[in-house]
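Each residue of the sequence shown is one higher than the last, beginning at 665 in the numbering used here.
This report refers to the structure that appears directly beneath it.
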Amino acid sequence: MAICEHLSQADDPAARTPEGCEECLAVGGRWVHLRRCLECGHIGCCDSSPGKHATQHYHETAHPVIQSYERGEEWRWCFVDSAMG
Numbered sequence: 665m666a667i668c669e670h671l672s673q674a675d676d677p678a679a680r681t682p683e684g685c686e687e688c689l690a691v692g693g694r695w696v697h698l699r700r701c702l703e704c705g706h707i708g709c710c711d712s713s714p715g716k717h718a719t720q721h722y723h724e725t726a727h728p729v730i731q732s733y734e735r736g737e738e739w740r741w742c743f744v745d746s747a748m749g
């Protein structure tokens with residue numbers, strides 16, 4: 665199965681807030697797992713977290729690909745094609 669176009673063209677930007685979820689840090693929230701936007705470097709929390717900021721970031725920006733921002737994890741997810749890479 666071919667990798668989706670978004671996953672194959674994803675960049676590798678530096679994390680904007682390497683210490684955690686950008687929105688949670690701003691309001692004193694908490695997160696379960698972190699995700700990095702591969703278009704702009706936004707760090708958001710996963711859908712198991714109260715804020716679901718990684719998915720919210722996608723809905724606000726249409727940046728299609730996130731990558732796990734957890735130590736030892738390399739997987740990527742394309743919101744547009746619902747594909748993992």
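Beta carbons: idealized from backbone N, C-alpha and C, even for Gly.
All values derive from a computational prediction rather than experimental measurement.
- Message: Going by DSSP in three states, cysteine 701 sits in which element: helix, strand or coil?
- Response: strand
- For arginine 740, collect the residues of the same chain with a Cβ closer than 6 Å to its Cβ; drop the 5 residues on either side in sequence, then sort them by chain order. Leu671, Val729, Gln731 and Gly749
- Message: Using the Cβ count rule (16 or more neighbours within 10 Å means buried), how would you classify glutamate 687?
- Response: buried
- Message: Am I right that tryptophan 695 and cysteine 685 are in contact with their C-beta atoms under 8 Å? What's the rounded C-beta distance?
- Response: 5 Å
- Item | alanine 674, DSSP secondary structure in three states | coil
- Message: Pull the bridge partners of isoleucine 730 from the DSSP assignment, please.
- Response: Cys701 and Trp741
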